Amino acid sequence: GLHTFSLLTENFYILCFQKTLSLLLNKSKSLVFQGVYSLIDHTVANMLIQLSKATLFQRRTVRELLWGYTDPMLKSTLGVFYPYNNTFDGPYSVFTGKDDITKVAYIDNWRGYPFIHRTLHCHCHCVCSRRSVYGEYEGSEDLKGITVYRYTLPDSTFASPTINPHNKCYCTNYEATKNCTMAGVLDIKTCTGSPVFISLPHFLHGSPDLLEVVDGLRPDDVEHKTFLDVEPTTGFTLRFAKRLQINMGYGPSKEIKILNQIKHNTLLPILWLNETAMLDDETADRLKTELFGRVAMLEVVQISLIVIGAVLCVLCLIGICVQHSNRRKIIA
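Take any residue in the sequence shown, count from 1 to its spot, add 61: that is its number in our numbering.
Structure representation (structure tokens):
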């Protein structure tokens with residue numbers, strides 16, 4: 062069956078494909094090893110690969126894959142999150158404490174505003190700095206007694222350029238994507254400088270060809286989709302799940318002997334990430350009591366005042382009518 066594993070150790074080993082070979086094949090412009098193609102003969106390149114004992118597979122820890130490791134051939138750091146350290150993650154609105162000193166340094170909102178509507182598009186630069194994805198309203202959900210609006214990635218996010226022309230700029234590997242007709246992956250080489258493709262985990266909503274590359278792929282909408290649950294009154298995000306899969310592009314090469322083992326241009330999964338968070342029971346109860354309870358109380362007070370005002374108006378009208386009737390009797 063399907064399982065989600067939470068790794069508690071950063072030294073858990075993963076068997077993955079050698080990134081150096083993929084970069085060599087694609088002649089990455091951002092790495093020192095680009096000179097292999099332009100400065101030395103392929104024979105020398107093969108000798109270097111043999112001397113370094115490079116193979117198609119290598120063992121790397123979770124920490125190394127996420128935060129970077131130094132490759133002996135490239136002499137540069139490779140890592141999924143390595144380029145994003147010390148980067149700006151968006152504007153925060155924070156209380157200064159001028160009006161209420163107890164609120165000093167409290168975060169009011171981050172990239173968001175209260176009173177959310179169902180037509181909201183939540184843009185997120187979580188893929189790379191040049192690619193923005195957004196969430197569309199899917200429906201209302203009940204989260205621990207709180208009504209939230211759920212936003213999910215639309216199918217057009219990873220659609221092929223033939224379906225979504227906006228994805229045309231993110232298709233640079235025509236062999237791997239079959240002339241940009243393949244759905245389910247985005248080529249972000251323009252962002253990373255290396256043949257990296259992103260997709261939903263297990264190539265969810267991807268072309269059937271992607272599922273034939275690796276055994277054991279079982280895409281599941283519940284386990285693998287990305288979503289955001291927002292409380293519409295306050296704009297607070299109460300639950301989210303950002304799930305992305307990192308894939309590397311590989312293909313055969315007549316010049317590089319070790320790549321002869323690969324028969325076709327292929328997208329191979331390296332890892333997939335599951336960043337999930339949800340408010341706890343204590344916070345949910347506090348939110349319902351201190352915020353929504355008071356909002357409900359205000360609604361009751363509002364309705365009560367309207368009813369009282371209406372009753373007073375009716376009583377005033379009755380009093381005026383009675384007084385007018387008495388005056389007519391006295392005159393008569």
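Note that CB positions come from ideal geometry on N, CA and C, so glycine has one too. The structure displayed is predicted, hence computed values, not measured ones.
C-alpha distance - residue i paired with residue j, whole-angstrom precision
i      : j      : result
Arg304 : Cys241 : 23 Å
Glu197 : Thr298 : 15 Å
Phe219 : Leu247 : 6 Å
Ile295 : Gly206 : According to the sequence as given, residue 295 is Thr; it is not Ile. Rounded to whole angstroms, Thr295 to Gly206 spans 16 Å at the Cα level.
Val368 : Arg211 : 36 Å
Glu30  : Ile319 : Given a span of 62 to 393 for the chain in the structure shown, any question on residue 30 remains unanswerable.
Asn321 : Lys114 : 16 Å
Glu202 : Asp290 : 8 Å
Gly354 : Leu340 : 18 Å
Leu85  : Glu343 : Because the pLDDT of Leu85 is 48, which lies under 50, any placement of that residue in the model is unreliable, and the number read from its coordinates should be weighed accordingly. Going by the C-alpha atoms only, they are around 52 Å apart.
Lys50  : Thr233 : What the structure shows of the chain is the stretch from 62 to 393, and residue 50 is not part of that stretch, so it cannot be assessed.
Lys239 : Thr104 : 30 Å
Leu359 : Ala345 : 20 Å
His227 : Arg300 : 29 Å
Cys230 : Leu117 : 30 Å
Leu366 : Asp161 : 30 Å
Gly312 : Lys250 : 16 Å
Val383 : Gln363 : 30 Å
Ile381 : Val372 : 14 Å
Gln111 : Thr223 : 42 Å
Asn225 : Gly245 : 12 Å
Arg120 : Thr131 : 13 Å
Cys374 : Tyr195 : 51 Å
Thr350 : Gly370 : 29 Å
Leu376 : His385 : 14 Å
Ile323 : Asp282 : 31 Å
Leu348 : Arg124 : 36 Å
Leu378 : Val361 : 26 Å
Leu352 : Asp276 : 49 Å
Residue i: first and last residue of the uninterrupted alpha helix (DSSP H) it sits in
i      : result
Arg279 : It is not in any alpha helix (DSSP H) - Arg279 carries neither H nor E in the DSSP assignment.
Leu272 : 269-272
Val123 : 123-128
Boundaries of the beta strand (DSSP E) in which residue i is found, first to last residue
i      : result
Asp346 : Asp346 -> not in any beta strand (DSSP E); alpha helix (DSSP H) instead, spanning 342-348.
Val155 : 153-155
Asp248 : 246-248
Leu261 : Where Leu261 is concerned, there is no enclosing beta strand (DSSP E), given that its DSSP letter is neither H nor E.
Phe288 : 288-291
Nearest-angstrom Cβ-Cβ length linking residue i and residue j, presumed shorter than 8 Å
i      : j      : result
Val274 : Met309 : Actually they are not in contact, since the Cβ atoms of Val274 and Met309 sit about 12 Å apart, beyond 8 Å.
Leu332 : Ala237 : At roughly 18 Å, the Cβ-Cβ gap does not stay under 8 Å, so Leu332 and Ala237 are not in contact.
Val356 : Glu292 : Incorrect: roughly 11 Å between the Cβ atoms, too far for contact.
Gln306 : Pro330 : 6 Å
Ser217 : Met243 : 15 Å between Cβ atoms; not a contact.
Leu214 : Thr287 : 5 Å
Ile317 : Ala106 : 7 Å
Residue i: CB within 8 Å of a non-hydrogen atom of the ligand GTP
i      : result
His285 : The ligand GTP is not part of this structure, which contains no ligands at all.
Sequence-distant residues of the same chain with beta carbon closer than 8 Å to residue i, five excluded per side
i      : result
Pro280 : Leu261, Pro262, His263, Phe264, Leu265, His266, Gly267, Leu272
Lys164 : Phe156, Gly158
His325 : Gly312, Pro313
Tyr235 : Cys241
Close-in-space but distant-in-sequence residues of the same chain around residue i (CB under 6 Å, 5 per side omitted)
i      : result
Thr337 : Ala302
Glu199 : Arg211, Thr213
Asn87  : Confidence is the limiting factor: at Asn87 the pLDDT is only 48, short of 50, which leaves the residue's position unreliable and the question unanswerable from this model.
Leu334 : Leu305
Residues near residue i in its chain [Cβ-Cβ closer than 7 Å; skip 5 each side]
i      : result
Arg388 : none
Leu278 : His263, Phe264, Leu272
Hey, which unbroken runs of the alpha helix (DSSP H) at 4 residues or more fall wholly within the stretch 300-382?
342-348
Ordered list of beta strand (DSSP E) runs contained in the stretch 190-215, each at least 3 residues:
192-204, 207-213
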